[in-house]
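**Student:** Residue numbers (this note's numbering), protein chains in the order written: chain A, 3 to 208; chain B, 3 to 208.
Mind looking over this structure? Questions follow.
Written out as structure tokens, the structure is:
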């Protein structure tokens, strides 16, 4: 498959949300113009994004909302359940462990880990925080698909190396540091300060 | 100024982090090749991103690390302090109120708000959670620059409309919903489930 940019994948996630919105309003077909207007983009962008994955819709008739939504769920890998572990039971890890929006999309939090004896054994919303030392053995039994890393920056590379060794191939990193992973591992870094820098940039350059 | 894409602003934030890393290792000059290699991009991308903001570096001599870092801080609006308020004292709001990485970049959390009587008056790491009803009066006195919205999806549009009315022109939204704001307001939505969808996409399409 042609390599698709992260920004295009993000747009597919957005289109899916818009389609679900249209569906809940009882709409059955939608044009690329309408989808584009909802996403503040252009219809040629919408068509280009979708064309990566084959042909959709009929010229002049638009897309079937239900069919396109189903196809996007399939493309985004949302037709199955994914097992997710969280490593780092601090405030952000705790918030994510309790975040309802994950399970709605099929992302099931399977376990929360920490290395701090004061946190191990503590209960977070149904989870008992496990020792990071058990990760390898746990993975041999259970095999999570995605790891969310919410440890401090100085521990993050060590943790991610361990995670990759256990066979996990997708990582979401909240530590404010760029982590090195092998090419066959997908990683996304959410850097809260960088997000705010996008706003301070906007405020400074208007 | 020519409009610059969000993705380019993100890269500027990354370049700044790499430059600070180089600086801490005692490097004084850096080529666009080295900067590109660190960021897993191309040197022509680096030069293109920087060229938006004038000319940097000398052909064949590379960039002065300190000068380029200073210029990027200026471009990103990081030479001043920004007052940030958090609206929504749930788990994510609480985690962000305590996040050290913000103050390091000049983002000062000025106050935390909620509408829940059970949360108002509670202490979070030095902040006493204030009633959202005081926001308008508070803003008349203090004038925060950026609002971080961490309320539930169903309350988010109402809150963001209020925030915009108080004169705030930059919003970071953690509610899993697309919010409508006037064109002169910058908004960034961090959707945790969408970030995971980028990973389930990668796992499904390899």
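Every residue gets a Cβ at the ideal spot worked out from N, C-alpha and C, and that includes glycine.
(1) Could you check which residue in B/95, B/137 and B/156 has the C-alpha nearest to that of residue 180 of chain B?
(2) Give me the Cβ distance between residue 172 of chain B and residue 78 of chain A, rounded to the nearest whole Å; I'm assuming they're in contact under 8 Å.
(3) Cβ of residue 147 of chain A within 7 Å of any heavy atom in the ligand ZN?
(4) Express the C-alpha separation of residue 76 of chain B and residue 140 of chain B in angstroms, rounding to a whole number.
(5) Between B/24, B/133, B/170 and B/12, which has its C-alpha nearest residue 146 of chain B's C-alpha?
(6) Looking at the secondary structure, which residues open and close the beta strand (DSSP E) in which residue 7 of chain B lies?
(7) Rounded to whole angstroms, what is the Cα-Cα separation between residue 3 of chain B and residue 207 of chain A?
(8) Is residue 8 of chain A close to chain B? Criterion is C-beta to C-beta, closer than 8 Å.
(9) For residue 99 of chain A, which option in A/88, A/107, A/106 and A/108 has the closest C-alpha, if you only look at C-alpha atoms?
(10) Hey, could you find the ends of the beta strand (DSSP E) residue 148 of chain A is sitting in?
(11) With a threshold of 8 Å between beta-carbons, can residue 156 of chain B be considered close to chain A, or not?
(12) With DSSP as the reference, identify every bridge partner of residue 113 of chain B, one or two as the case may be.
(13) In the DSSP assignment, find the beta strand (DSSP E) that holds residue 43 of chain A and state where it starts and stops.
(14) Let me know if residue 108 of chain A comes out buried or exposed under the rule of 16 or more other beta-carbons within 10 Å of its beta-carbon.
(15) On the criterion of 16 or more Cβ atoms from any shown chain inside 10 Å, does residue 44 of chain B qualify as buried, or is it exposed?
(16) With a 10 Å radius around its C-beta and 16 neighbouring C-beta atoms as the bar for buried, classify residue 7 of chain B as buried or exposed.
(17) Using 10 angstroms around the beta-carbon of residue 138 of chain A, count the other beta-carbons present and answer buried if the total reaches 16, otherwise exposed.
(18) Closer than 8 Å, CB to CB, is residue 121 of chain A near chain B or not?
**Tutor:** On the basis of the coordinates in this document:
(1) The option with the nearest alpha carbon to residue 180 of chain B is B/156.
(2) Going by Cβ atoms, the distance from residue 172 of chain B to residue 78 of chain A rounds to 30 Å, so no, they are not a contact pair.
(3) No copy of the ligand ZN appears in this structure; indeed no ligand is present at all.
(4) So the alpha carbons of these two residues sit roughly 29 Å apart.
(5) For residue 146 of chain B, the nearest C-alpha among the options comes from B/170.
(6) Under the DSSP assignment, residue 7 of chain B falls outside any beta strand (DSSP E); it carries neither an H nor an E label.
(7) Any reading at residue 3 of chain B needs caution, since the residue's pLDDT is 47, under 50, leaving its predicted position unreliable; the model's value is listed next. Distance between the alpha carbons of residue 3 of chain B and residue 207 of chain A is about 8 Å.
(8) Judged by the 8 Å Cβ criterion, residue 8 of chain A is in contact with chain B.
(9) Considering only alpha carbons, the answer is A/88.
(10) Per DSSP, residue 148 of chain A belongs to the beta strand (DSSP E) from 148-151.
(11) Residue 156 of chain B does not count as touching chain A.
(12) DSSP output for residue 113 of chain B lists B/87 as bridge partner(s).
(13) Per DSSP, residue 43 of chain A belongs to no beta strand (DSSP E) and is neither H nor E.
(14) The C-beta of residue 108 of chain A has 16 or more other C-beta atoms within 10 Å across all chains shown, which makes the residue buried.
(15) Under this definition residue 44 of chain B is an exposed residue.
(16) Answer is exposed; the Cβ neighbour count stays below 16.
(17) Flag for residue 138 of chain A reads exposed.
(18) Closer than 8 Å to the CB of residue 121 of chain A there is not a single CB belonging to chain B.
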